Every structure is written in C-alpha cells, then in structure tokens.
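2 protein chains.
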Amino acid sequence: MAIDVDKVEGEIDYNKVIKEFGVESVAPLKSRLKKLEEISLLYRRGIIFAHRDLNRILDAIEKKENFAVLTGFNPSAPLHFGNKMFIDQAIAFQKLGGKVYIPLSDDETYVFGKSDSLKEATERAYNLIPKILALGLDEDKTKIFISSRCKYVYPLAIELSRRTTLSTIRAIFGFKDSDNPGKFFYGIIQAAHILLPQIDELEGRIPTVVPIGIDQDPYIRLARDLAEKLNFIKPSSTNHFFMRGLRGGKMSGSKKESAIFLDDDLSVVKEKIMNALTGGAPTIEEHKKFGGNPEKCVVFEYFKFHLVEDDKELEKIYLECKHGERVCGDCKKECFEKLAKFLESYKEKVEKAKDRVEKVLLE
Amino acid sequence: MAIDVDKVEGEIDYNKVIKEFGVESVAPLKSRLKKLEEISLLYRRGIIFAHRDLNRILDAIEKKENFAVLTGFNPSAPLHFGNKMFIDQAIAFQKLGGKVYIPLSDDETYVFGKSDSLKEATERAYNLIPKILALGLDEDKTKIFISSRCKYVYPLAIELSRRTTLSTIRAIFGFKDSDNPGKFFYGIIQAAHILLPQIDELEGRIPTVVPIGIDQDPYIRLARDLAEKLNFIKPSSTNHFFMRGLRGGKMSGSKKESAIFLDDDLSVVKEKIMNALTGGAPTIEEHKKFGGNPEKCVVFEYFKFHLVEDDKELEKIYLECKHGERVCGDCKKECFEKLAKFLESYKEKVEKAKDRVEKVLLE
Chain A
191 MAIDVDKVEG EIDYNKVIKE FGVESVAPLK SRLKKLEEIS LLYRRGIIFA
241 HRDLNRILDA IEKKENFAVL TGFNPSAPLH FGNKMFIDQA IAFQKLGGKV
291 YIPLSDDETY VFGKSDSLKE ATERAYNLIP KILALGLDED KTKIFISSRC
341 KYVYPLAIEL SRRTTLSTIR AIFGFKDSDN PGKFFYGIIQ AAHILLPQID
391 ELEGRIPTVV PIGIDQDPYI RLARDLAEKL NFIKPSSTNH FFMRGLRGGK
441 MSGSKKESAI FLDDDLSVVK EKIMNALTGG APTIEEHKKF GGNPEKCVVF
491 EYFKFHLVED DKELEKIYLE CKHGERVCGD CKKECFEKLA KFLESYKEKV
541 EKAKDRVEKV LLE
Chain B
191 MAIDVDKVEG EIDYNKVIKE FGVESVAPLK SRLKKLEEIS LLYRRGIIFA
241 HRDLNRILDA IEKKENFAVL TGFNPSAPLH FGNKMFIDQA IAFQKLGGKV
291 YIPLSDDETY VFGKSDSLKE ATERAYNLIP KILALGLDED KTKIFISSRC
341 KYVYPLAIEL SRRTTLSTIR AIFGFKDSDN PGKFFYGIIQ AAHILLPQID
391 ELEGRIPTVV PIGIDQDPYI RLARDLAEKL NFIKPSSTNH FFMRGLRGGK
441 MSGSKKESAI FLDDDLSVVK EKIMNALTGG APTIEEHKKF GGNPEKCVVF
491 EYFKFHLVED DKELEKIYLE CKHGERVCGD CKKECFEKLA KFLESYKEKV
541 EKAKDRVEKV LLE
C-alpha cells in the first residue's frame, strides 16, 4: 500500500489510512449523520469513512448556519464516476444548506505538464462547468471558479504565502529544485482555493467542508495550518473509499480504461463494463455453486456508489451475487443498461446546463 | 562596491559595472541617440550609461513601428526623485511612439514584508497612479496595472513558470528554503510584468524597452531568457546612473532622509536640501579660492538630473561652482526654490490626474 499526494497503489487498508493520516473515523459520529444518510447513499452505505472536524459542519447544519462545501477539479481529464462522488457529496451538503464552491485548477493542469498551454487548460476548465452543474447542483447556491482567471485566487495565495516557507511546501509535496517554481507556488494556490469562500468579499469566516481524496489530505493540513494563522476557520474534510479501476488498481483520469467517463460513448461504456473485473468465480458452474464476491466486484461498486439509489434493490443484487443466483454476464448487462440510462439523461442535462454557466462562474 | 539585486553600496565604478553585468555601453550608439537626446536630458547628459539591445528600439523608432516601454514600481514607499528618472525615460520613449506599461507590484511589497497586508499594498499602488501620471505621461498611450489585480499577470507567470526551475530562481535571487514561497514565485511574476505588453490580448510581439536600475539587471536576464523560450521578443533595457542619497550613500525609498520625495512638505524639502552633502570646500574661504566640485555634489545632481532643462544654464551653475563663484548656501537656496516650484506645480497636476486613473488602469 502506498498513498501519497501523487499516487495511490495497491489494496488500501482504510483503518491503517486513518491512523497514518491522522484523520478520524466517521463511526463515532453515526448518530449525527442521519440527515446526510437520508439524502446521500455515500453516507448511508459507509462509503465516507473518515473526516476532520466534520462536527463543525454538522453543528452548522443543525443550527441552520451558513457553511460552505468546496471540492475542486483538475481539468486535465474529463469527469469520470470517481469524480462524480465529490459532486454527489457537495450536492448532499448543499441540500442541507451549504454553499458550494468549485475551483477548477487550470494552473495545476498546466504547471504539472498535463496540457500544452495554459489557454488549453483554461478552455477545458470552462467546458467542465456545464458537466459539473448537470450532476444536480443548485445553481443558486453554487460558485465555480477557474483558478488562473478568478480575481480572488492569486491575491489570497500571496496573503497565505507569507505564512509559510518553501521548506514546508517541499516537505508536503516533495518537489525538487529542478522543478518549475509554479509547482511550489501551486501548493499555496490550492490552499487559497480551500480558504477562498471565507474571504471578506465572499462569505466571510464560515465553516467549510472539503470532500477530498485521502491522498490529498496533506493539502488540507496545509490549508488548516494557514487558516489558523490568518484567523480563518480551519476547514473540515471528508474522505471516501476510492472507486477501483475497472480492471483493478486505481481509477485514474489519465488511464482511460480504468474508468467510465461521463462523456464516454455508450459503445465504449459497454465494452469497458463487459471487460470489467468482477467478483465472480472462475467458471459459471463454480459461481452458481459457491456464489460470487460483490465486495471485490467493480461492477457492484458502480451499483453501490452510483446506480442503485434504493437500498433494498442493492441488497437484492448483493445477495443474488453472493448466492450465485446472478451471473456476471447478466449483471454486467444490467449495469450497462443502468449506466446507459444515466448517461443519456446526463447528456441532455449537460446541454441544458450550458445556459447556467455564466450564472455560477465566479470571475 | 557591492551591487546585487538587494543592495547598492559604496562608490560605483560604472565601467566595471558594465563589464560585470555584461550590459553594453551606450557610447557606440551615440549617433543614433539624437532624437532621444533632444527630448531627454538623461540621454543628452550621458546619465543613461548602459543598455541591452537598445538598437531594436531605435530601429522601431526610426521605422515608426510599434514598441513598448515598461518600468515598474514597488509601492512600498512614496515616489522620490530617483523613481522620477524612470518615468522621465518612459515619457521620452513615449514621445517617440512607445506605449508605456507600468506594473505596480503590490504583491512584491507584501511578500517581502513591506506592508502589513496585501490590501494595504494594493491601496498604496492605487494611490500611486495619479502621482505617476502627473509626471507627464500621455494617458492615451499609458497602461498602469496593479500586479495582484491585473487579470493577465498570474496566467502569464504560470506560462513562464514551466520554462524555468526553482534552482534558476534561487541562483538569481538568492532565496533560502526558509523564505516564503511567494518570494520565489515573485521572480516569475516580475518576468511576467516585463513580458506582459507582448501577450496576444495586448500588443502582441513587439520590442519592449525596460529602463531599470543596473542592480535589477538579473531580472531582465531572466525575462530575456524566458522571452526566447516563449517566442516573445527579448526585452531591451537601459540603465542610468543612480542618484546619490542626500547625505551620501544610496538613495532609498526606505531611508526618508536620503531623498526628496515628491510628496514631501516644502519645509521638509528645505531642511533636507540645506543639510545635503555638497561638493563645496570645507570653508567658504577655501571654496572661493579653490572652487567646489559639482561632480561630487548631490545638490548639483538635482539640477543636472531634474531641475535645469537648459544646458547652458546648467553649464553656468557648474562653472560658477567650479570657479568658487557660487557658494553652497546660495546654491542650496536656489535648488530649493526650483524644487518648490516643481513640487507645487506637481501637486496640482496630481490632483488633476486623479480623473484619469480609470482610463489608464489595466484590470
């Protein structure tokens, strides 16, 4: 198992992760998560496993106080179902009163060499906006900003910069002197994204929750440290289980075969699902006799994390597999049908969301 | 003698400086400088002593082609007569067709600890604009931008960042790992200022001349290097003799007693001038007998660099001093009178220039 800010490899022991990163398990909060569980399968199914200071957000929800939800995207690749989970969380918090802020880090794309020009990265970021909105965000409570274009980002980064040192950035991100200076500064920019909702020109000091991959927890730690120095409220965070790659390993935007992308053609989706790694037994006979293993099945993850809202339906799928009553071929076909239905409806929503881009864009 | 990007100390041997910095003497260009000499005492009196690629600008002037003049200010201190020389050069180039661009580096002020907040530095930068304009810039051919607020700066810096390394920045600026990351990134921001006029959204690729202190030549070298990598035209530069501090040493914005500031009260100006270091002999008797030394006289510098446009009048002052006919007390009084006349008229011009701020501000 290796998790750092650059990579996630191998099978992940999430209990070990909680210890190593110093985050907290959500288990003791169980009694306070009812509202979130009602509206979000990610909470209901224990997919959110860890957090920092989530109590502060739960307090705000209870007291109906202002809070922000922030989750960012690097526009280096199109959105896949792994990315969707962050938006799904944002939507859940939004339904409970949170104002959603979404930074699109075109600068990150470019300084880390994932686009040939900044302009290209910026355009990709613009194009992402309707695709993000279409997942179900309420445009009246959503602000999306493009890092290199939003007037608040660089000035806030400058403010933060004086509260840290190059050594700190180096220690967190592991950059070398042969790296470009933009990579180092991007460490500060990302902290600025996280604290942006709290500036006077926007929401002022409010609790902010950041659904984020556990591998990016060091960024949260930096942002929390800087928040304290600037008299901002330390941001909270939540972490969820990673979706696995379709053929095992990590799901990644840069490995096309590892994920279903939200703009994949249905023919591609079908091929990807039909070739996905399952929890099925080696032969149909064995499968029928001994049953499959849905916990290890990537196809089941698509049901559990995305496609099956109804808990009883999910349980049925689970048990049918476990008891060998559901074979992988049929199951994959069902998964594809659900995906196709979702993606076709999503496509229409993206078209409709294009009119709302200007409304949510924070310039 | 010590000149680096942080300090200028001791008596400066400008021939040595030319060699050490690898800039070129303006002497061989003499025949091409007639137009500049006609309109600028800085050229006429040999105060501009060195350059990089000035021929490119002289070509543009001759061919009546588009070119830019860029000179920046750190709003950490009010403007003094040393700063005025950069504007005077910009005005001269502007009269010959150049478009003037002036970055005000509020980010620099803040990351280097010269203001308590970025906001304070930004406000200081805004307040500088009428003070710069009032020196005689044509607002139709002038753009002034505040570094943290101008939408083109950070994106260009990001573009440049990928063309260099942290080692390069460290080698030029000498920062340490214990410094804040904003200092390192500011090295790139300053290069972005210099190349900004050449972006597609503004002038496109045009020759740019940067009047700059020789101590800041390393910034020009970095900008020239990055320009080449980005297919921009390598910026040209000019360097002029530094004005000395009123009591010897370097004139500096942070040493109030070293300079006349353009917003000093006349009572302060009088006191500063009356206490200034002169080239006078130790006693009036000796002065009358052996004469003074205007070359070593700070008061004479104010006449030569700023207050006496007419060459014959300047020569008269020079010879009167040299021949002991002009004594320091009278000479200082005359200098003060000229300063007072200049500063009172300037004050009115600053008031009038306030209406033109919006016109020149590049946001």
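Top line first, the protein sequences correspond to chains A and B. All letters in the first sequence, in the order written, are residues 191 to 553 by this note's numbering. All letters in the second sequence, in the order written, are residues 191 to 553 by this note's numbering. All residues carry an ideal CB built from backbone N, CA and C; glycine is no exception. These numbers were taken from a predicted model, which means no experiment stands behind them.
Query, Result
"Under 8 Å between C-beta atoms of Ile-359/A and Pro-371/B", "yes"
"The region 451-471 of chain A in contact with the region 280-290 of chain A per 3-pair CB rule at 8 Å", "no"
"Partners in chain A for Lys-341/B, counting only beta-carbon separations shorter than 8 Å", "Arg-339 and Lys-341"
"Secondary structure of Lys-206/A, DSSP reduced to three states", "helix"
"Counted within 10 angstroms of its Cβ, other Cβ atoms place Ser-305/A as buried (16 or more) or exposed", "buried"
"Alpha-carbon spacing of Ser-295/A relative to Phe-363/B, whole angstroms", "28 Å"
"Opening and closing residue of the beta strand (DSSP E) in which Pro-293/B lies", "289-294"
"The region 258-269 of chain A touching the region 201-218 of chain A, judged by at least three CB pairs closer than 8 Å", "no"
"Sheet register partners of Val-400/A (DSSP bridge)", "Ser-427/A"
"Whether Thr-299/A touches Phe-276/A by CB criterion (8 Å)", "no"
"Segments of 3+ residues assigned as beta strand (DSSP E) that fall wholly inside the region 467-527 of chain A", "none"
"Neighbour flag for Glu-360/A against chain B, beta carbons, 8 Å", "The sequence shown places Arg at residue 360/A, not Glu. Cβ-Cβ to chain B under 8 Å: yes for Arg-360/A."
"Reduced DSSP secondary structure (H/G/I, E/B, other) of Arg-339/A", "coil"
"Nearest neighbour of Asp-407/A, chosen from Arg-234/A, Thr-468/A, Val-259/A and His-241/A [CA to CA]", "His-241/A"
"Ser-444/A to Met-433/A span [Cα, whole Å]", "15 Å"
"Residues that DSSP places opposite Arg-242/A in a beta bridge", "Ser-427/A"
"DSSP state of Glu-534/A mapped onto helix, strand, coil", "helix"
"Lys-289/A versus Leu-248/A - alpha carbon distance", "14 Å"
"Same chain only: Cβ atoms within 8 Å of Glu-485/A, ignoring 5 sequence neighbours per side", "Gly-469"
"Local conformation of Phe-365/A per DSSP, three classes", "coil"
"In chain order, each beta strand (DSSP E) run of at least 3 residues that lies wholly inside the region 253-305 of chain A", "258-260 and 289-294"
"Bridge partners - Arg-434/B, DSSP secondary structure assignment", "Lys-440/B"
"Beta-carbon gap between Thr-355/A and Asp-369/B smaller than 8 Å", "yes"
"Interface residues of chain A facing Glu-349/B [CB-CB closer than 8 Å]", "Tyr-300, Ser-307 and Leu-308"
"N- and C-terminal bounds of the alpha helix (DSSP H) containing Phe-375/B", "371-385"
"Residue of Leu-552/A, Glu-505/A, Ala-543/A and Lys-549/A minimising C-alpha distance to Lys-321/A", "Ala-543/A"
"Same chain only: Cβ atoms within 7 Å of Lys-419/B, ignoring 5 sequence neighbours per side", "Arg-353"
"Sub-8 Å separation of Pro-397/B and Phe-257/B beta-carbons", "yes"
"Lys-539/B in three-state terms, based on DSSP", "helix"
"Beta-carbon gap between Ala-466/A and Gly-482/A smaller than 8 Å", "no"
"Three-state secondary structure (DSSP) of Phe-211/B", "helix"
"Counted within 10 angstroms of its Cβ, other Cβ atoms place Leu-327/B as buried (16 or more) or exposed", "buried"
"Contacts of Ser-535/B in chain A (Cβ-Cβ under 9 Å)", "The contacting residues do not exist; Ser-535/B stays about 36 Å from chain A at best."
"Between the CA atoms of Arg-516/A and Glu-510/A - distance to the nearest angstrom", "5 Å"
"Leu-551/B, DSSP secondary structure in three states", "strand"
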